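Each step along the sequence shown adds one to the number in this note's numbering, with nothing skipped, and position 492 is 1895.
Notes follow once the structure below has been shown.
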Amino acid sequence: MASISSILVPLATSSAFSSSTRFLTHSSTSLFLTHSFSSTSLFLTLTSHSNAPFHCLPLASHHRTLMAHATLGLTIPANIDPPKVSFTAKEIDVAEWKGDLLAVGVTEKDASRNAESRFENAILSSLDAKLGGLLGQASSEEDFSGKVGQSTVLRIASGLGSKRVALFGLGAAASSVAAFRSLGEAVAAAAKSAQAGHVAVALASVDALSAESKPKTASAIASGTVLGTFEDNRYKSESKKSVLKSVDIIGFGTGPELEKKLKYAADVSSGIIFGRKLVNSPANVLTPGVLAEEASNIASTFSDVFTAKILDAEQCKELKMGSYLGVAAASANPPHFIHLCYKPPSGPVNVKLALVGKGLTFDSGGYNIKTGPGSLIELMKFDMGGSAAVFGAAKALGQIKPLGVEVHFIVAACENMISGTGMRPGDILTASNGKTIEVNNTDAEGRLALADTLVYACNQGAEKIVDLATLTGACIVALGSSIAGVFTPSDELAKEVFDASEASGEKLWRLPLEESYWESMKSGVADMVNTGPQPGGAITAALFLKQFVDEKVQWLHIDMAGPVWNEKQRCATGFGVATLVEWVLRNAS
């Protein structure tokens, strides 16, 4: 069937159509509309020229418009490739480097001057001497002191091989992955502004780094540069594109270990960018079916290590996934249960892991509809941020190909909408492990979809499960927009994931699984309700998920409702990808 975005069919009166009416879409696809009546509803079926049903939508008789939503294909091409930037490690004098922009990371100590107002740092002093004191003069005029966020860019007529030199503040002391990634992002922004195609990055005090930390630091800078270069302009008619092609990393050494780290940065960055583009995609483009297509494309691209299984609603029904299907019941876009499996290209499997992501491609709230200025309904395309992190990690791992580990990437993709077939407050759902749930709030839907997903993950033999979800506003209230909350009964798994997050530069904070709070989640007519009182809402949500995990399986839940979205830049962050990749690699042989 040809891909279409929407068709508007005016219904002036119920008698406006004959029994079969032919329409021609903008793509020249013939659709036939047939109708039948009941006492309360008009039922409309759209059929393509191939006679395959398009949709059957119940429509109240007084409604005057029918919108048929596309469920296959993208309205706009996915175009989910990362910027093509090459990285090369070099050991040369920075003053001798030739290119468009020489970027130097500078701490507050590096920026200090002597009694004659000259740089004490050897690299800055050398550059300033080559430029006849212009670098020192420019930085003084702009009050550059090496503080975080400060920068100064000098266009050069002569004296250096570079057309421009830029200084970027790192603060009192830069040592974290996040700090050096931010440096890379700042360099990318400066390169775009200057339309620089060939860039070099150095640190004024690179010699202060240990031999062990140099490859990690170079990797963080490279990752930040790629991420800073990326812009999602798919839906803009005009945009200024970066021309950055190559980045030389100077002063960090050379050799296979550094080259491996630079490749790792590129692989993980490609996964983060993939995740960002998925979350940025509006719900009329990224339907559950399209998300399944994107996941399947990962498996086909890396077919040597990946297989894909996509279950439709009927197959999910056979698996008794009543909790998940209850959420999906109202949407014209059918649910797709997505399961990718990674197996190493060679050698034995020593551990089986599962990464589970919440995959609500749009969340209206259902009958408990999101209303008011704080509801963020206009941003509910990001409610599949957990699945974006999972599939972004899958894409990165497909390139890295770790040994010794089997990984299951599992997402129950659907929409939470409103219709006559939708889940209602007070309904009772039965999950695939037999537990019953009284729905006291249809806007607490993510945990319902995750319930069956976690049961499925346990049934795959996973020994450790990490789930990610934009689950609760309560977690944003507790931790803000930069930190994700972590819940787990396993101290061992908590340490593993926190070590991975520290190495990746993503911020997590462990919150308690207070078992006494479960009392508020009990139902008088079912095993549990799906949401408790407002206080402690992130905790009770995690306790709900815990009911669907086998006791013998180590499980950790990440509530990423805050860091999934960068409100200042109005775009997705790709949060979670880097931590997941690092965690999997630490479990690999």
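Heads up, the beta-carbon is just placed ideally off N, CA and C, and yes, glycines get one too.
Everything numeric in this text was worked out from a predicted model, so none of it was measured.
(request) Alpha carbon to alpha carbon, how far is Glu1634 from Ser1642? Give it in angstroms, no decimals. (result) 9 Å
(message) Could you compute how far the alpha carbon of Pro1936 sits from the alpha carbon of Glu1615?
(response) 49 Å
(message) Closer than 8 Å is the cut-off here; do at least three beta carbon pairs connect the stretch 1685 to 1697 with the stretch 1505 to 1514?
(response) no
(request) Have a look at the DSSP bridge pairing and note the partners of Ile1526. (result) Per DSSP, none; premise fails for Ile1526.
(message) Given a cut-off of 9 Å on the beta-carbon distance, is the pair Thr1632 and Ser1645 in contact?
(response) yes
(message) Given this structure, state the Cα-to-Cα distance separating Ala1975 from Gly1536, to the nearest angstrom.
(response) 42 Å
(request) Measuring alpha carbon to alpha carbon, tell me which of Leu1959, Lys1723, Asp1766 and Gly1801 ends up nearest Pro1748. (result) Gly1801
(request) Return the chain-ordered ranges of every beta strand (DSSP E) run that is complete within the stretch 1488 to 1566 and spans a minimum of 3 residues. (result) 1489 to 1493, 1504 to 1510 and 1554 to 1558
(request) Name the two residues that bound the continuous beta strand (DSSP E) containing Ile1813. (result) Val1808 to Asn1819
(request) Count the other C-beta atoms from every protein chain shown that fall within 10 angstroms of the C-beta of Asp1786, then say buried if there are 16 or more, exposed otherwise. (result) buried
(request) Could you have a look at Thr1934 and say whether DSSP puts it in helix, strand or coil? (result) coil
(message) For Ser1926 and Asn1933, what's the separation of their Cα atoms in angstroms?
(response) 9 Å
(message) For a quick check, are the C-beta atoms of Ala1815 and Tyr1727 less than 9 Å apart?
(response) yes
(message) One question on the structure: do Val1730 and Glu1841 come within less than 9 Å of each other, judged by their Cβ atoms?
(response) no
(request) With a threshold of 16 other CB atoms inside 10 Å of the CB of Ala1877, please say whether the residue is buried or exposed. (result) buried
(message) Helix, strand or coil for Thr1833? Go by DSSP, reduced to three states.
(response) strand
(message) So for Thr1448, helix, strand or coil by DSSP?
(response) Low per-residue confidence applies at Thr1448: pLDDT is 39, beneath 50, and the placement is therefore not dependable enough to give any value.
(request) Would you decide whether Gln1972 is buried or exposed? Buried here means 16 or more other CB atoms lie within 10 Å of its CB. (result) exposed
(request) Return the Cβ separation of Asn1771 and Pro1685 in integer angstroms, given the expectation that the two are a contact with Cβ distance under 8 Å. (result) Not confirmed; about 23 Å, so no contact.
(request) Apply the 10 Å Cβ neighbour rule to Glu1848 and answer buried if 16 or more other Cβ atoms are within range, or exposed otherwise. (result) buried
(request) Would you decide whether Ser1767 is buried or exposed? Buried here means 16 or more other CB atoms lie within 10 Å of its CB. (result) buried
(message) Taking contact to mean 3 or more Cβ pairs, one atom from each stretch, closer than 8 Å, check whether the stretch 1574 to 1582 and the stretch 1498 to 1506 are in contact.
(response) no
(message) Does Ile1653 come out as helix, strand or coil in the three-state DSSP assignment?
(response) strand
(message) Does Ala1865 pass the burial test, meaning 16 or more other C-beta atoms within 10 Å, or should it be called exposed?
(response) buried
(message) Using a Cβ-Cβ cutoff of less than 6 Å, which residues in the same chain neighbour Thr1982 once the five nearest sequence positions on both sides are dropped?
(response) Ala1903, Ser1904, Ser1907 and Glu1909
(request) Measure the Cβ-Cβ separation of Phe1709 and Ala1791 and say whether it is below 9 Å. (result) no
(request) Keeping to the same chain, check which residues put their C-beta closer than 8 Å to that of Ser1778; ignore five residues upstream and five downstream. (result) Gly1768
(request) Assuming Arg1521 contacts Gly1539 (C-beta within less than 8 Å), just tell me the rounded distance between them. (result) 6 Å
(request) Along the alpha helix (DSSP H) that carries Glu1717, what are the first and last residues, could you check? (result) Ala1716 to Glu1721
(message) Do Ala1887 and Leu1763 have their beta-carbon atoms positioned less than 9 Å apart in this structure?
(response) no
(request) Label Ser1673 either buried or exposed according to how many other C-beta atoms from any shown protein chain fall within 10 Å of its C-beta, with 16 as the threshold for buried. (result) buried
(request) Could you pull out every unbroken alpha helix (DSSP H) segment of at least 4 residues lying fully inside the stretch 1707 to 1794, listed in chain order? (result) 1716 to 1721 and 1725 to 1731
(request) Note down, in chain order, each residue of its chain lying with its Cβ closer than 7 Å to the Cβ of Gly1965, except the 5 sequence neighbours on either side. (result) Cys1878, Ile1879, Leu1882, Gly1883, Ser1884, Ser1885, Ile1886 and Ala1887
(message) Please identify the residue among Cys1861, Val1590 and Ala1854 whose C-alpha is closest to the C-alpha of Ala1872.
(response) Ala1854
(request) Please name the residue, chosen from Arg1558, Ala1592, Gly1656 and Leu1806, that lies closest to Leu1606 on a Cα-to-Cα basis. (result) Gly1656
(request) Using a threshold of 9 Å, state whether the C-beta atoms of Val1987 and Val1759 are closer than that. (result) no
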